[in-house]
Amino acid sequence: MAFEIEYTHHAEIDVAKAIDYYSENASLKVAKFFYKKLLIAEKTLKQTPFFQKIHNDFHRLPLRVFPFIIIYKIEKETIKIFRVFHTSQNPEKYP
Numbered sequence: 001m002a003f004e005i006e007y008t009h010h011a012e013i014d015v016a017k018a019i020d021y022y023s024e025n026a027s028l029k030v031a032k033f034f035y036k037k038l039l040i041a042e043k044t045l046k047q048t049p050f051f052q053k054i055h056n057d058f059h060r061l062p063l064r065v066f067p068f069i070i071i072y073k074i075e076k077e078t079i080k081i082f083r084v085f086h087t088s089q090n091p092e093k094y095p
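Numbering (the numbering used here), first residue to last: 1 to 95.
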């Protein structure tokens, strides 16, 4: 089964904020590396989406190297990403 990736509006904002943060506070190279790791995580999700179920059909996948986790649900043939969450944030913000 081929899964598609879909980001919610909140997840898109999370990614944009992370890229902006790394661009401004580290370097453009680090921001690009973050995005590359996110794309690798997407590929992993497409291959093995049933990873670390946490609560009510939500799953999580840690982003390698960076302190982020991807919070997602599997809806038919779509992996819907709800948040790309920095691990130091308040966990009550989880969907």
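Here a beta-carbon is modelled for each residue, glycine too, at the ideal position from N, C-alpha and C.
Here the structure is a predicted model, which means the values were calculated and not measured.
(request) Report all residues from its chain with a CB closer than 6 Å to the CB of D14; omit the five preceding and five following residues, and keep chain order. (result) Counting only Cβ-Cβ distances below 6 Å, and skipping sequence neighbours, we find R83, V84.
(request) Would you identify the three-state DSSP class for E77, choosing helix, strand or coil? (result) Correct three-state label for E77: coil.
(message) Just to confirm my understanding: we take A41, look at its own chain, exclude 5 residues before and 5 after, and list those with CB closer than 8 Å. What are they?
(response) Only L61, L63, R64, I70 meet the Cβ criterion.
(message) Mapping the DSSP letters down to three states, classify F34 as helix, strand or coil.
(response) In the structure shown, F34 adopts helical secondary structure according to DSSP, grouped into three states.
(request) Run the CB neighbour count on I79, radius 10 Å, all protein chains shown included, and call it buried at 16 or more, exposed below. (result) The residue in question, I79, is buried, as its Cβ has 16 or more Cβ neighbours within 10 Å.
(message) Please state whether the Cβ-Cβ distance between K37 and F66 is less than 8 Å.
(response) Going by C-beta atoms, K37 is nearer than 8 Å to F66.
(request) Just confirm the distance between the C-beta atoms of E77 and E6, as a whole number of angstroms; I'd bet it's less than 8 Å. (result) Not quite, the Cβ-Cβ distance comes to about 10 Å (not below 8 Å), so this is no contact.
(message) Using the three-state DSSP reduction, which class does V15 fall into: helix, strand or coil?
(response) V15 falls in the helix class under three-state DSSP.
(request) Would you mind stating whether Y35 and I19 have Cβ atoms separated by less than 8 Å? (result) Result yes, Cβ atoms of Y35 and I19 sit closer than 8 Å.
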